[in-house]
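Data block below; observations after.
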Amino acid sequence: MGRNLVYKLLGALVVLVAAVLWLLSVLVPETFSWFSLAWAGVMICGGLGLIILLQGCFQQNVTTIKKLKIWFGVALIVCAFGCLISAITIPESIIWPIIAIIVALGLVITIFAVRGERWDEGDNHKAGYKNYHERKAEEEKQNENK
Numbered sequence: 000m001g002r003n004l005v006y007k008l009l010g011a012l013v014v015l016v017a018a019v020l021w022l023l024s025v026l027v028p029e030t031f032s033w034f035s036l037a038w039a040g041v042m043i044c045g046g047l048g049l050i051i052l053l054q055g056c057f058q059q060n061v062t063t064i065k066k067l068k069i070w071f072g073v074a075l076i077v078c079a080f081g082c083l084i085s086a087i088t089i090p091e092s093i094i095w096p097i098i099a100i101i102v103a104l105g106l107v108i109t110i111f112a113v114r115g116e117r118w119d120e121g122d123n124h125k126a127g128y129k130n131y132h133e134r135k136a137e138e139e140k141q142n143e144n145k
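Start counting the sequence shown at 0; every next residue gets the next number (numbering that gives the first Met the number 0).
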């Protein structure tokens, strides 16, 4: 089994449930009249956003990939909020503050998920690292001793 199987399966199930509910809203409007394309967008974007966000938080990847997954998940959650705005009536004055809270929460999650590591942590931060000039001087010294 692949390590991403659970995430892929959950994503496919979210899309399947949204599609089935949307079909039921067309076939049985008396019971499922509350469900619309906007609610399907909320389910799909929100579900996939949460799955990608969790995947970015808990998988062991390169720091840049983790941050990318987290920010992509946050973007999908913002899209889900946009679909929610059209599905229900939300006062216009609180839309942008809620989007700002979602983005700020994404920033906090990113910091915790990557544990403050920078994407460009390289050899020059390791103990005993010698830069080009130090290596070149050492090489010339060895050539002189031969």
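Every residue gets a Cβ at the ideal spot worked out from N, C-alpha and C, and that includes glycine.
Host alpha helix (DSSP H) of residue i (start-end)
i, result
"residue 31", "28-31"
"residue 96", "94-113"
"residue 138", "131-144"
"residue 35", "Residue 35 -> no alpha helix (DSSP H), and no H or E assigned at all."
Per-residue burial, residue i [other beta carbons within 10 Å of its own, 16 or more giving buried]
i, result
"residue 63", "exposed"
"residue 41", "buried"
"residue 94", "exposed"
"residue 76", "buried"
"residue 89", "exposed"
Of the residues the options, the one placed nearest residue i, counting alpha carbons only
i, options, result
"residue 101", "85, 79 and 22", "79"
"residue 32", "41, 22 and 40", "22"
"residue 60", "109, 12, 48 and 18", "109"
"residue 50", "5, 140 and 90", "5"
"residue 86", "95, 129, 75 and 39", "39"
"residue 114", "137, 65, 45 and 26", "65"
Distance CB(residue i)-CB(residue j) smaller than 7 Å
i, j, result
"residue 82", "residue 11", "no"
"residue 47", "residue 69", "no"
"residue 20", "residue 34", "yes"
"residue 112", "residue 56", "yes"
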